[in-house]
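Student:
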DNA sequence: TTGAAAGCGCTAACAC
DNA sequence: GTGTTAGCGCTTTCAA
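Protein chains in written order, with my numbering: chain A, 944 to 1281; chain S, 944 to 1281.
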């Protein structure tokens, strides 16, 4: 049995296709109740669903949103970003079309061409971690940048408020009474996340009347191994210079800090307090003890991006900062030796 | 400047739209080289890209694949499955349309309707972990099940070969010389992954001439806490009954085993060998010591599903099992007390 | 209150 | 070798 078309419904209801279209799209002002009823019955009976391809051709609106991402594969956060984007799309009766480019400019150009050939109503250009991107040439003007920003400010953009998030993290340590708070940083200066978090660390210490000890600031590779090396160095300092707390660039490095502490015979949080960043699924909550960290608002950012793309929300500024949330678990305690 | 249509190209090249269509679709058998050249030039000059919506309406093929997933948000593996599906789709010039249902049957019905209204060429029905699903009524006949199977065998289906994977894991422990090998199991009997892995544990012990000691089989909640509890119980056994190795249902439970071992003052792998399952990103490789585990073939499964959906590959059986790979790291050593 | 008909951009049968 | 033309299924004037 072939799929029902609008003509089938029209015939079954004994009206014209124009009337069916009107009724089924709710613009039934001019149609009598009785006719409307007949149309609905016929449509239901035939199991009619409009062909959105045909509709798209006619209206030039496909109720479809394209999402271009750099590397979905390797990150644990992508999922929440997509979920947010998808939910917002769905609530507004749109579908999400996904293309993943592996950071290959050629693929990216293809992706843009493919989406524009699909007549998508909007496109979201997403990075899997907060970075400054070179927006590809052909990106439609009404696109939105998700978890990234352009140099030029050419498109509305949403990123986490790294600075404010890091302030929460460091402040939690200060509030617990720590004075020697180290920062285990990410090596490489190109990440906005890295320098914003670092700046927050400095500012909180300063505004709390603590002094910045540069020996307590060590950068290493972003990994458990990097965090472990950095923390081991910190813990090898002579007792009175040694930190009583470390703020880590992210949860993976915090995991390394746990390992270093254990190997130094220290217990967390009794001998060393640790705060991470990211609230990485299946990591932060499952460490021993569970890690106090800062949650990135990926889901909300995903939502925001499609709401802006759909014109349901107007960004007040080029780059919108979305708040991060402190997730308090068990890795922070007052210093044992004040 | 309006987007170029085929008519614009035709006019610019001084030919008919039919000729342009023929040339641009490579079916240029009947066209003279000179004309073909002119058409290509004109198209390039106008920056023409075909409108796939119009083409889809005409050909009834949208070069688009729908992917319905239950809960992308919460799992670290979804990404690799999507990446595989996406890459395969892209290689065959298709786009992936994603809908995520949160396991809500109403949303699921909507999703199916939406995809069918979009005239997708194929649909993939994906679960985020291997399970037996009730296939929703309206799912098109030519759909493919990804990381799940139906009771009825109504659709081709791809799942990991859990049994063979678990055999690799347990065999690695046997090969290292262990005789008392525990299984930290997942509580709840409804997961195919759980009973297949358990069965493999039994079979390998038996075929290796070892006896099954039921006190070495403990099931608990699937989490770090569950793994920790189960392992703690195991380690509290009197020395000669205590396991020298544990095979864990998954990496999260293995993480719990690490914690339990540490709290018992045991060192991995010297005093206790551990093998996990999943090769969970950012977990397995970053533990101390890095965890030997079994990698699930999510990427390959994603690829397979669209290749079958596109008819590029014919499944030999209802349920296709895809091989898992043992990832050898540093959590296995010979038993210290043989 | 309703119907006829044009046309969205493309492909493919058929003419020439 | 190339052009003409009829639709694909829908929405939306315009006329009745």
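Yeah, the Cβ is synthetic: ideal placement off N, Cα and C, and Gly gets one too.
Can a CB atom of chain A be found closer than 7 Å to the CB of residue 1041 of chain S?
Tutor: As a position in the second chain, residue 1041 of chain S is number 98, starting the count at 1. Judged by the 7 Å Cβ criterion, residue 1041 of chain S is in contact with chain A.
Student: Does any CB atom of chain A fall closer than 7 Å to the CB of residue 1174 of chain S?
Tutor: One-based indexing of the second chain puts residue 1174 of chain S at position 231. No, residue 1174 of chain S does not count as interfacial toward chain A.
Student: According to DSSP, simplified to helix, strand and coil, what is residue 991 of chain S?
Tutor: Within the second chain, residue 991 of chain S is the residue found at index 48, counting from 1. Coil at residue 991 of chain S, not helix or strand.
Student: Chain A beta carbons: is any one of them nearer than 7 Å to that of residue 1209 of chain S?
Tutor: Locating residue 1209 of chain S in the second chain gives position 266, counting from the first residue. Taking Cβ atoms only, chain A never reaches closer than 7 Å to residue 1209 of chain S, which makes this a no.
Student: Ordered along the chain, which non-local residues of its own chain (more than five positions away) have a Cβ less than 8 Å from that of residue 1087 of chain A?
Tutor: Start at 1 with the first residue of the first chain, and residue 1087 of chain A comes out as number 144. Once the five neighbours on either side are set aside, the close Cβ partners of residue 1087 of chain A are 1065, 1066, 1067, 1068, 1098, 1099, 1100, 1101, 1248, 1249, 1251 and 1252.
Student: The stretch 1218 to 1244 of chain A: which residues have C-beta closer than 7 Å to a C-beta of chain S, in chain order?
Tutor: 1223, 1224, 1225, 1226, 1229 and 1231
Student: Relative to chain S, which residues along the stretch 997 to 1009 of chain A have a C-beta separation below 8 Å, given in chain order?
Tutor: 997, 999, 1000, 1005 and 1007
Student: Just to confirm before moving on: does the CB-CB distance between residue 1171 of chain A and residue 1211 of chain A stay below 7 Å?
Tutor: Residue 1171 of chain A sits at position 228 when you count from the first residue of the first chain. Residue 1211 of chain A sits at position 268 when you count from the first residue of the first chain. The answer is no: Cβ separation not under 7 Å.
Student: Can residue 1130 of chain S and residue 1189 of chain S be called in contact, C-beta distance under 7 Å?
Tutor: Taking the second chain and counting its residues from 1, the one referred to as residue 1130 of chain S is at position 187. Taking the second chain and counting its residues from 1, the one referred to as residue 1189 of chain S is at position 246. Against a cut-off of 7 Å, the Cβ pair of residue 1189 of chain S and residue 1130 of chain S comes out as no contact.
Student: Using 8 Å as the cut-off, can you tell me whether the stretch 1214 to 1221 of chain S makes contact with the stretch 1177 to 1197 of chain S, which would need three or more C-beta pairs spanning the two stretches below that distance?
Tutor: yes
Student: From S:1214, S:1258, S:1143 and S:1196, pick the residue whose C-alpha is nearest to that of residue 1244 of chain S; which is it?
Tutor: On the second chain, position 301 is the one that residue 1244 of chain S refers to. Ranking S:1214, S:1258, S:1143 and S:1196 by Cα distance to residue 1244 of chain S puts S:1258 first.
Student: Using three-state DSSP, classify residue 1089 of chain A as helix, strand or coil.
Tutor: Within the first chain, numbered from 1, the residue matching residue 1089 of chain A stands at position 146. Strand, per DSSP.
Student: Taking 7 Å as the cut-off, decide whether the C-beta atoms of residue 1173 of chain S and residue 1127 of chain S are in contact.
Tutor: Taking the first residue of the second chain as 1, we reach residue 1173 of chain S at position 230. Taking the first residue of the second chain as 1, we reach residue 1127 of chain S at position 184. Yes.
Student: Taking just the CA atoms, how far does residue 1166 of chain S sit from residue 1277 of chain S?
Tutor: Stepping through the second chain from its first residue, residue 1277 of chain S is reached at position 334. Stepping through the second chain from its first residue, residue 1166 of chain S is reached at position 223. Those two C-alpha atoms are separated by around 27 Å.
Student: Closest Cβ-Cβ distance between residue 992 of chain S and chain A: below 7 Å?
Tutor: What you label residue 992 of chain S is simply residue 49 of the second chain in a count that begins at 1. Contacts with chain A at 7 Å (Cβ-Cβ) include residue 992 of chain S.
Student: What's the C-alpha gap between residue 996 of chain A and residue 1241 of chain S?
Tutor: Position 53 of the first chain, counted from the start, is the residue given in the question as residue 996 of chain A. Position 298 of the second chain, counted from the start, is the residue given in the question as residue 1241 of chain S. Rounded to the nearest whole angstrom, the CA to CA distance from residue 996 of chain A to residue 1241 of chain S is 32 Å.
Student: Give a yes or no on whether the minimum CB-CB distance between residue 1198 of chain A and chain S is below 7 Å.
Tutor: Within the first chain, the letter at position 255 stands for residue 1198 of chain A. Interface residue, yes.
Student: Using a cut-off of 8 Å between C-beta atoms, extract the partners of residue 1202 of chain S located in chain A.
Tutor: Walking along the second chain from the start, residue 1202 of chain S turns up at place 259. Within 8 Å Cβ-Cβ: 1231.
Student: Output the distance between the C-alpha atoms of residue 1205 of chain S and residue 1198 of chain A, rounded to the nearest integer angstrom.
Tutor: The sequence position of residue 1205 of chain S within the second chain is 262, counting from 1. The sequence position of residue 1198 of chain A within the first chain is 255, counting from 1. So the two alpha carbons sit approximately 15 Å from each other.
Student: To the nearest whole angstrom, what separates the beta carbons of residue 1140 of chain S and residue 1192 of chain S, a pair I think is in contact under 8 Å?
Tutor: By one-based count along the second chain, residue 1140 of chain S stands at place 197. By one-based count along the second chain, residue 1192 of chain S stands at place 249. Rounded, the Cβ-Cβ distance is 6 Å, consistent with contact.
Student: Looking at the C-beta of residue 984 of chain A, does it have a partner C-beta in chain S at a distance below 7 Å?
Tutor: The residue given as residue 984 of chain A occupies position 41 in the first chain. So, not an interface residue.
Student: Counting only runs that start and end within the stretch 1145 to 1221 of chain A, where is the beta strand (DSSP E) found for 3 or more residues in a row?
Tutor: 1160 to 1163, 1188 to 1191 and 1216 to 1218
Student: Whole angstroms is fine: what's the gap from residue 1213 of chain A's alpha carbon to residue 1149 of chain A's?
Tutor: Counted from its first residue, the first chain places residue 1213 of chain A at position 270. Counted from its first residue, the first chain places residue 1149 of chain A at position 206. The straight-line gap from Cα to Cα measures roughly 25 Å.
Student: Name, in chain order, the residues that DSSP records as bridge partners for residue 1069 of chain S.
Tutor: For the purposes of this step, residue 1069 of chain S is taken as residue 126 along the second chain, with counting starting at 1. Residue 1069 of chain S is bridged to S:1012 and S:1089.
Student: In chain order, what residues of the same chain lie with their CB nearer than 6 Å to the CB of residue 985 of chain A, ignoring the 5 residues before and after it?
Tutor: By one-based count along the first chain, residue 985 of chain A stands at place 42. Within the same chain, residue 985 of chain A has close Cβ partners 952, 955 and 956.
Student: Does the beta carbon of residue 1151 of chain A sit closer than 7 Å to a beta carbon anywhere in chain S?
Tutor: Reading the first chain from its first residue, position 208 is the one you call residue 1151 of chain A. It does not; no Cβ of chain S falls within 7 Å.
Student: Under 8 Å by Cβ, that's how I've got residue 1081 of chain A and residue 1052 of chain A pegged, so tell me the actual separation to the nearest angstrom.
Tutor: Numbered from its first residue, the first chain carries residue 1081 of chain A at position 138. Numbered from its first residue, the first chain carries residue 1052 of chain A at position 109. With a Cβ gap of about 7 Å, residue 1081 of chain A and residue 1052 of chain A count as contacting.
Student: Which same chain residues end up closer than 8 Å to residue 964 of chain A when comparing Cβ atoms and leaving out the 5 residues on each side of it in sequence?
Tutor: Residue numbering aside, residue 964 of chain A sits at position 21 when the first chain is read from its first letter. 949.
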